[in-house]
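Asks: Quick one: the structure is below, and I'll ask about it shortly.
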Amino acid sequence: MFVAAETFADGHVERARTCVFGSGPAGLTLAYTLAERGEDVLLVEAGGAEWEFESQELYQGRVEGDRYFLLEDCRLRVFGGTSGHWGGYCRPLDAHDLAGIPGHPGTRWPIGVEALQPYLAAAAEILEIPGEFPEREAGPDLVRTMYNYSPPVRFGDKYRDYCESSDRLRVCLNSALVGMEPDAGAGETRIRAAEIVTERGPGGAEGRVRWRVEAERFVVCLGGIENSRLLLWINEQNGRALLPDHDLIGRYWMEHPNDSVGETVLLADQAGLFVERPTHFTLSGSYQQDNALPNVVFEINEESYTKAKRLAADILCIAPPLGQRLLDGIDKKLVCAARVRCQWEQVPDPDNRVVLGDTPDRLGIPQVALHWRNNPSERRTIAASTLALARAFAEQDIGRVKPFDWIVDDSLPFPDDEVIASYHHMGGTRMSADPAAGVVDPDLKVHGVANLYVGGSSVFPSSGYANPTLTIVQLALRLADHLRPAA
Amino acid sequence: MRATGKTGVRTGFWRPGRRSVLTGAAALALLGGRGLWGRVVRHRSGWVLHERDL
Ligand SMILES: Cc1cc2nc3c(=O)[nH]c(=O)nc-3n(C[C@H](O)[C@H](O)[C@H](O)COP(=O)(O)OP(=O)(O)OC[C@H]3O[C@@H](n4cnc5c(N)ncnc54)[C@H](O)[C@@H]3O)c2cc1C
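Residue numbers (my numbering), protein chains in the order written: chain A, 1 to 487; chain B, 1 to 54.
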């Protein structure tokens, strides 16, 4: 049921066995699954039932480094979270992603693919996609990979009725987590209560209520930037003594840089690789391993007939037999032009991080400052991977690729006509079995705190190329099993 | 492999061991790789072609 927190008196205490903060794909998946298993759950969401400017503006912050989206535009502070915006591209991480990026031991996940695989079918059902992602070998080093597309599921719409009717799941909207109180007792730290502020009316125009939640365990699912921001802030308020390694929180933040890397002419599809549009290719795990490359995906997007003619005419001048073959094929509709886009994995960098800025928001929490750069090593990832794709296309006669000049000449800057990123906010509270190397343990419990958990892509130690939400939902289901196994 | 004579194709090819438009880390990654290119060449026009194309 929805509980009108704006009617609470100041100092009110709400009790639950499990308290989940944030109602995006991570938080709602977890809260719903636990409630369905008979758990008493309180879901505390900062946004309202509908999008409001006054709520969204609390997501403002500063970016330092490379050009990035406005922080209040690249996520949603509303019931259902950023799933109100997302594009629905779904894919699980590859098994070799969890083994980490070759040459970067800190990127190895403390869990293997066998820990996520059991949750794939259920996560696919939630996202309303098929659970199979059939791949095809397209050459010795090349793989035709596959995404599935969620309608896309808007979590707020999907679970609104359930939230209204359930008596095990209570939902408080317009209610932001702003602090946590640890227990003073001996032994491992426990969180006794969380502090919440509920705004009455847009932007608190009709006042605010400060109240508390007492629960046995707390799970923060605030998204890939806010998880770090709130943990930093809560730790700051507790004299940096609540969480063992303050300096680690917010670090190793990652995006999926994404840009056009070249153009291609595609020949008649004799191998039957292009079964969907757009079509995706990646390099084999062994190729990445042998060449110490992070993971990448290439999206091949068909372009116009005129473009195909122009590219074929280009090639006619330098390689007449091929040029003629292309021109003949275009007329028979066997050959087309396409744009090659690449989305690549960043090597996590401790200097890419979420920190607390200097300006407080209207709830008194410092706005976020995001430090983010494309690492120079990424030029090697993009160049080597794009050229490997181009080579495989030529060898297998799939097509011919013309990588852009900035791909092959790393003295040229990254193009600056668009933001080279994908709205995927990962890392910051990375998972590790070693408390000195990660913020959460393999069960997503914060190291050193007995009853505090984190959900969402902030726990990723590395990101592969796959868009994160399917993995976020798999991890939320796994966390639900940890907190309350199915009967 | 056949040169067309039109644009000096032969001289424009990038081959392992030869100076090319590929520079810096990218060139090193490929030149240092396992003889990566075989029968595939990168023409100075930027197209990556198979030698049978020419
Ligand atoms: C334009 C766009 C396109 C995208 N496309 C894709 C795609 O195609 N595929 C894909 O996999 N991913 C995509 N994403 C990313 C995807 O939206 C996120 O991975 C996903 O929403 C993250 O889920 P989450 O639950 O971790 O965080 P969110 O969905 O961001 O949810 C966090 C929730 O926490 C709430 N909250 C924040 N602060 C507090 C607080 N202090 N107290 C209480 N609650 C709080 C927020 O209001 C929000 O409801 C896209 C994102 C954008 C912006």
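Heads up, the beta-carbon is just placed ideally off N, CA and C, and yes, glycines get one too.
Please determine whether the Cβ atom of residue 26 of chain A lies at a distance below 8 Å from any heavy atom of ligand 1.
Replies: Residue numbering aside, residue 26 of chain A sits at position 26 when the first sequence is read from its first letter. Within the cutoff, so yes.
Asks: What number of angstroms, rounded off, separates the C-alpha of residue 14 of chain A from the C-alpha of residue 213 of chain A?
Replies: Translated into positions along the first sequence, residue 14 of chain A becomes position 14. Translated into positions along the first sequence, residue 213 of chain A becomes position 213. Whole-angstrom Cα-Cα distance: 5 Å.
Asks: Check residue 287 of chain A in the structure and name its three-state DSSP category.
Replies: Residue numbering aside, residue 287 of chain A sits at position 287 when the first sequence is read from its first letter. If DSSP states are grouped into helix, strand and coil, residue 287 of chain A belongs with the helices.
Asks: Are the CB atoms of residue 42 of chain A and residue 7 of chain A nearer to each other than 9 Å?
Replies: Start at 1 with the first residue of the first sequence, and residue 42 of chain A comes out as number 42. Start at 1 with the first residue of the first sequence, and residue 7 of chain A comes out as number 7. Their beta carbons are not under 9 Å apart, which means residue 42 of chain A does not touch residue 7 of chain A by this criterion.
Asks: Helix, strand or coil for residue 117 of chain A, going by three-state DSSP, please let me know.
Replies: By 1-based counting over the first sequence, the position of residue 117 of chain A is 117. In the structure shown, residue 117 of chain A sits in a helix (DSSP, three-state: H, G or I).
Asks: Work out the CA separation of residue 373 of chain A and residue 413 of chain A for me, nearest whole Å.
Replies: Taking the first residue of the first sequence as position 1, residue 413 of chain A is located at position 413. Taking the first residue of the first sequence as position 1, residue 373 of chain A is located at position 373. Straight across, the Cα-Cα distance linking residue 413 of chain A with residue 373 of chain A is about 13 Å.
Asks: My output table needs one value for residue 163 of chain A: the three-state DSSP class, helix, strand or coil.
Replies: To locate residue 163 of chain A, count along the first sequence from 1; it is residue 163. Residue 163 of chain A falls in the helix class under three-state DSSP.
Asks: By how many angstroms is the C-alpha of residue 463 of chain A removed from the C-alpha of residue 345 of chain A?
Replies: The residue given as residue 345 of chain A occupies position 345 in the first sequence. The residue given as residue 463 of chain A occupies position 463 in the first sequence. If you draw a straight line from the Cα of residue 345 of chain A to the Cα of residue 463 of chain A, it is about 6 Å long.
Asks: In chain order, which beta strand (DSSP E) runs of at least 3 residues are fully inside the segment 294-323 of chain A?
Replies: 296-302
Asks: Grouping DSSP H, G and I as helix and E and B as strand, with all else coil, what is residue 393 of chain A?
Replies: On the first sequence, position 393 is the one that residue 393 of chain A refers to. Three-state DSSP puts residue 393 of chain A in a helix.
Asks: What are the start and end residues of the beta strand (DSSP E) that includes residue 65 of chain A?
Replies: The residue you call residue 65 of chain A lines up with position 65 of the first sequence. Unbroken beta strand (DSSP E) run through residue 65 of chain A: 61-65.
Asks: Among residues of its own chain, excluding the 5 on either side of residue 28 of chain B, which ones have a beta-carbon nearer than 8 Å to its beta-carbon?
Replies: Residue mapping note: residue 28 of chain B aligns to position 28 of the second sequence, counting from 1. Bear in mind that a pLDDT of 37 at residue 28 of chain B, under 50, signals an unreliable position, so the model cannot answer this.
Asks: If you measure between the beta carbons of residue 455 of chain A and residue 476 of chain A, is that distance less than 9 Å?
Replies: Within the first sequence, residue 455 of chain A is the residue found at index 455, counting from 1. Within the first sequence, residue 476 of chain A is the residue found at index 476, counting from 1. Taking 9 Å as the Cβ cut-off, residue 455 of chain A and residue 476 of chain A qualify as a contacting pair.
Asks: Enumerated in chain order, which unbroken segments of the beta strand (DSSP E) with a length of 3 residues or greater are wholly contained in the segment 120-174 of chain A?
Replies: Taken in chain order, the whole beta strand (DSSP E) runs of length 3 or more contained in the segment 120-174 of chain A are 142-145 and 169-172.
Asks: Under 7 Å between beta-carbons, which chain B residues line up against residue 401 of chain A? List them in chain order, please.
Replies: What you label residue 401 of chain A is simply residue 401 of the first sequence in a count that begins at 1. What residue 401 of chain A touches in chain B: 48.
Asks: Is the beta carbon of residue 397 of chain A less than 9 Å from the beta carbon of residue 232 of chain A?
Replies: Within the first sequence, the letter at position 397 stands for residue 397 of chain A. Within the first sequence, the letter at position 232 stands for residue 232 of chain A. Taking 9 Å as the Cβ cut-off, residue 397 of chain A and residue 232 of chain A do not qualify as a contacting pair.
Asks: In the DSSP assignment, what residue or residues form a beta bridge with residue 360 of chain A?
Replies: The residue labelled residue 360 of chain A in the question sits at position 360 within the first sequence. For residue 360 of chain A, which the question treats as bridged, DSSP gives the partners A/366.
Asks: State the DSSP-derived secondary structure class of residue 339 of chain A, mapped to helix, strand or coil.
Replies: Start at 1 with the first residue of the first sequence, and residue 339 of chain A comes out as number 339. Strand, per DSSP.
Asks: In whole angstroms, give me the CA-to-CA distance for residue 70 of chain A and residue 59 of chain A.
Replies: Start at 1 with the first residue of the first sequence, and residue 70 of chain A comes out as number 70. Start at 1 with the first residue of the first sequence, and residue 59 of chain A comes out as number 59. Whole-angstrom Cα-Cα distance: 9 Å.
Asks: Mind pulling the chain C residues with CB within less than 7 Å of residue 390 of chain A?
Replies: No chain C appears in the structure shown, which is made up of the protein chains A and B.
Asks: So the beta strand (DSSP E) residue 218 of chain A belongs to, where does it begin and stop?
Replies: What you label residue 218 of chain A is simply residue 218 of the first sequence in a count that begins at 1. Where residue 218 of chain A is concerned, the enclosing beta strand (DSSP E) stretches over 208-220.
Asks: Among residues of its own chain, excluding the 5 on either side of residue 171 of chain A, which ones have a beta-carbon nearer than 6 Å to its beta-carbon?
Replies: Walking along the first sequence from the start, residue 171 of chain A turns up at place 171. Cβ within range, chain order: 2, 43 and 163.
Asks: Quick check on the DSSP output: the beta strand (DSSP E) that includes residue 403 of chain A runs from which residue to which?
Replies: Here residue 403 of chain A corresponds to residue number 403 of the first sequence, with the count starting at 1. Residues 399-403.
Asks: Should residue 23 of chain B be flagged as near chain A, meaning a C-beta pair shorter than 9 Å?
Replies: Residue mapping note: residue 23 of chain B aligns to position 23 of the second sequence, counting from 1. With a pLDDT of only 39 at residue 23 of chain B, under 50, the local geometry of the prediction cannot be trusted, and the value read off the model is given with reservation. So, interface residue.
Asks: Measuring only the C-alpha atoms, how far is residue 62 of chain A from residue 109 of chain A?
Replies: Numbered from 1 along the first sequence, position 62 holds the residue referred to as residue 62 of chain A. Numbered from 1 along the first sequence, position 109 holds the residue referred to as residue 109 of chain A. Approximately 30 Å, taken between the alpha carbons.
Asks: Who does residue 176 of chain A pair with in a DSSP beta bridge?
Replies: Here residue 176 of chain A refers to the residue found at position 176 of the first sequence. Answer is A/197.
Asks: Starting from the N-terminal side, write out each stretch of the beta strand (DSSP E) that is 3 residues or longer and does not extend beyond the segment 47-104 of chain A.
Replies: 61-65
Asks: Tell whether a beta-carbon distance below 9 Å holds between residue 467 of chain A and residue 424 of chain A.
Replies: Here residue 467 of chain A refers to the residue found at position 467 when the first sequence is read from its first residue. Here residue 424 of chain A refers to the residue found at position 424 when the first sequence is read from its first residue. Contact: yes.
Asks: Determine, for residue 43 of chain B, whether the minimum Cβ-Cβ distance to residues of chain A falls below 9 Å.
Replies: Residue mapping note: residue 43 of chain B aligns to position 43 of the second sequence, counting from 1. Interface with chain A (9 Å Cβ-Cβ cutoff): residue 43 of chain B is included.
Asks: Give me the residue from A/471, A/450 and A/417 with the minimum Cα distance to residue 219 of chain A.
Replies: For this step, residue 219 of chain A is matched to residue 219 along the first sequence. It is A/450.
Asks: Name the DSSP bridge partner or partners of residue 259 of chain A?
Replies: For the purposes of this step, residue 259 of chain A is taken as the residue at position 259 of the first sequence. DSSP, once it has assigned bridges, lists A/342 as partnering residue 259 of chain A.
Asks: Taking DSSP as the reference, what is the three-state secondary structure of residue 252 of chain A?
Replies: Your numbering for residue 252 of chain A matches position 252 in the first sequence. Of the three classes helix, strand and coil, the one that applies to residue 252 of chain A here is strand, per DSSP.
Asks: With burial defined as no fewer than 16 other Cβ atoms inside 10 Å of the residue's Cβ, what is the status of residue 342 of chain A: buried or exposed?
Replies: The residue labelled residue 342 of chain A in the question sits at position 342 within the first sequence. Answer is buried; the Cβ neighbour count reaches 16.
Asks: Taking the alpha carbon of residue 44 of chain B as the reference point, which residue from A/402, A/83 and A/152 has its own alpha carbon closest?
Replies: Locating residue 44 of chain B in the second sequence gives position 44, counting from the first residue. For the residues A/402, A/83 and A/152, the minimum Cα distance to residue 44 of chain B belongs to A/402.
Asks: Which stretch, first to last residue, makes up the beta strand (DSSP E) that contains residue 27 of chain A?
Replies: Sequence index remark: in the first sequence, residue 27 of chain A carries index 27 (1-based). Unbroken run through residue 27 of chain A is the alpha helix (DSSP H), 25-36; no beta strand (DSSP E).
Asks: Determine, using beta carbons only, whether residue 196 of chain A and residue 429 of chain A come nearer to each other than 9 Å.
Replies: Translated into the one-based positions of the first sequence, residue 196 of chain A becomes position 196. Translated into the one-based positions of the first sequence, residue 429 of chain A becomes position 429. In this structure, residue 429 of chain A does not lie closer than 9 Å to residue 196 of chain A by Cβ.
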